[in-house]
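Numbering (our numbering), first residue to last: 13 to 400.
Reviewing the structure listed below.
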């Protein structure tokens with residue numbers, strides 16, 4: 013199939029990944045290409061050129077001087093995605109896979125000459141909810157299919173749109189676990205990685221690990237400098253001068269996937285601290301694939317991914333509650349963690365689920381094409397219709 017994938021523009025779809033969305037889109041494109049599909053990735057020009065890249069903006073927002081204000085980002089989004097829509101109207105794609113989370117693309121879905129699968133990666137918020145409501149009302153021909161990445165997220169969106177559930181997946185085989193790798197795990201070594209932002213609360217992971225008597229490594233890009241300087245830097249300084257005892261906190265910086273794998277191989281427990289209802293959580297899957305049990309808060313999709321054999325969840329979102337989970341999780345079986353990743357978090361299952369839905373949309377489109385001559389719209393006709 014000829015598949016258009018539309019990505020987010022905030023960060024490049026390339027390593028080192030800024031977060032789960034960038035990693036997910038990269039792996040989705042890579043695996044579809046490996047299966048023989050003709051893939052075009054619409055993303056920023058600093059994304060991976062090996063993924064059939066069509067650059068709709070020169071630089072991702074993080075590297076784009078024009079996108080450093082809210083108004084600038086809005087203008088860049090509209091300009092970039094308008095160019096994507098023009099390309100979709102001119103190229104014979106079989107299906108569009110929308111990973112972009114931007115309302116403009118949903119508003120134009122019914123006007124495109126091919127069907128769209130749109131993935132709801134995020135909880136309900138007004139701008140996207142309004143676009144989903146509009147697109148759902150116009151979906152009289154069933155050319156739009158919505159997918160949620162967990163049951164908890166599908167329930168959140170259900171008042172607005174019915175969505176299939178396709179769990180995210182990772183390339184489990186690329187995350188090593190063997191007797192040799194298990195021998196590398198260090199006693200009482202915890203790990204946290206992700207973006208340093210308040211809603212991910214790495215300061216709680218640091219405090220929980222120290223309270224449990226563990227060393228902890230922390231890694232990832234700094235998404236909120238003010239938060240980092242207020243919550244993370246003082247803790248690092250306290251550890252440096254010995255105010256927190258003998259246990260260490262080490263900031264590793266922004267790591268590639270290969271470096272994250274090495275850090276997970278040494279960890280006896282992975283700590284995650286979402287302060288929101290996280291729709292999925294790639295870090296869970298990656299930790300489990302490495303044979304590393306998880307200590308986390310009970311939120312979002314955590315209890316869909318984790319079982320009592322591979323993770324410990326606590327209700328209270330505090331360092332004190334999480335400290336007990338750190339100690340308990342570290343005692344769980346590495347093999348059980350790996351088994352859970354292989355059976356529940358595998359990217360092959362995700363790709364097959366998406367292919368099944370692509371075929372469903374293509375069949376629907378072909379039936380419609382057989383009923384009457386296909387109406388090819390001019391690119392600006394769609395845009396003018398949306399704006400009016």
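Yeah, the Cβ is synthetic: ideal placement off N, Cα and C, and Gly gets one too.
- Looking at C-beta atoms only, is the number of pairs between the region 114 to 126 and the region 80 to 98 that lie closer than 8 Å three or more? yes
- Proximity to residue 237 [Cα-Cα], best of 227, 207, 251 and 165: Taking the first residue of the chain shown as 1, we reach residue 237 at position 225. If we check each option's Cα against that of residue 237, 207 comes out closest.
- Beta carbon of residue 158 nearer than 8 Å to that of residue 122: Taking the chain shown and counting its residues from 1, the one referred to as residue 158 is at position 146. Taking the chain shown and counting its residues from 1, the one referred to as residue 122 is at position 110. In this structure, the beta-carbon distance from residue 158 to residue 122 does not fall below 8 Å.
- Given residue 338, which residues of its chain have a CB within under 7 Å of its CB, disregarding the five upstream and five downstream residues? Mapped onto the chain shown, residue 338 falls at position 326. Same-chain partners within the cutoff: 202, 220, 221, 224, 226, 281, 283 and 307.
- Item | Cβ neighbour criterion (16 or more within 10 Å) applied to residue 379 | Translated into the one-based positions of the chain shown, residue 379 becomes position 367. Counting Cβ neighbours within 10 Å, residue 379 comes out exposed, since fewer than 16 surround it.
- Specify whether the region 190 to 199 and the region 169 to 179 touch according to this definition: at least 3 beta carbon pairs, one from each stretch, less than 8 Å apart. Using a Cβ-Cβ distance cut-off of 8 Å, the region 190 to 199 and the region 169 to 179 are not in contact, since fewer than three pairs of beta carbons, one from each stretch, lie closer than that value.
- Item | Local conformation of residue 399 per DSSP, three classes | Within the chain shown, residue 399 is the residue found at index 387, counting from 1. Only weak support is given to the placement of residue 399: the predicted model assigns it a pLDDT of 39, under 50, and the value that follows is read from those uncertain coordinates. Helix at residue 399.
- Can you name, in chain order, every residue of its own chain whose Cβ lies under 6 Å from the Cβ of residue 20, other than the five neighbours on each side? For the purposes of this step, residue 20 is taken as residue 8 along the chain shown, with counting starting at 1. Excluding residues up to 5 positions away in sequence, 33 and 112 lie with their Cβ nearer than 6 Å to the Cβ of residue 20 in the same chain.
- Item | Residue range of the unbroken alpha helix (DSSP H) whose run includes residue 362 | The residue you call residue 362 lines up with position 350 of the chain shown. That run of the alpha helix (DSSP H) goes 359 to 383.
- Starting from the N-terminal side, write out each stretch of the alpha helix (DSSP H) that is 4 residues or longer and does not extend beyond the region 121 to 185. Listed in chain order, they are 138 to 149 and 163 to 169.
- Task: Check residue 19 in the structure and name its three-state DSSP category.
- Result: For the purposes of this step, residue 19 is identified with residue 7 of the chain shown, where counting begins at 1. Residue 19 falls in the coil class under three-state DSSP.
- Item | Residues near residue 216 in its chain [Cβ-Cβ closer than 6 Å; skip 5 each side] | Here the question's residue 216 lines up with position 204 in the chain shown. Within the same chain, 285 and 331 come within 6 Å of residue 216 by CB-CB distance, once the 5 residues on both sides are set aside.
- Beta-carbon gap between residue 25 and residue 51 smaller than 8 Å: Start at 1 with the first residue of the chain shown, and residue 25 comes out as number 13. Start at 1 with the first residue of the chain shown, and residue 51 comes out as number 39. Their beta carbons are not under 8 Å apart, which means residue 25 does not touch residue 51 by this criterion.
- Hey, would you say residue 313 sits closer than 8 Å to residue 165, going by beta carbons? Here residue 313 refers to the residue found at position 301 when the chain shown is read from its first residue. Here residue 165 refers to the residue found at position 153 when the chain shown is read from its first residue. The answer is yes: Cβ separation under 8 Å.
- Of the residues 364, 356 and 229, the one placed nearest residue 275, counting alpha carbons only: In the chain shown, residue 275 corresponds to position 263, counting from 1. Of the listed residues, the one whose Cα sits closest to residue 275 is 229.
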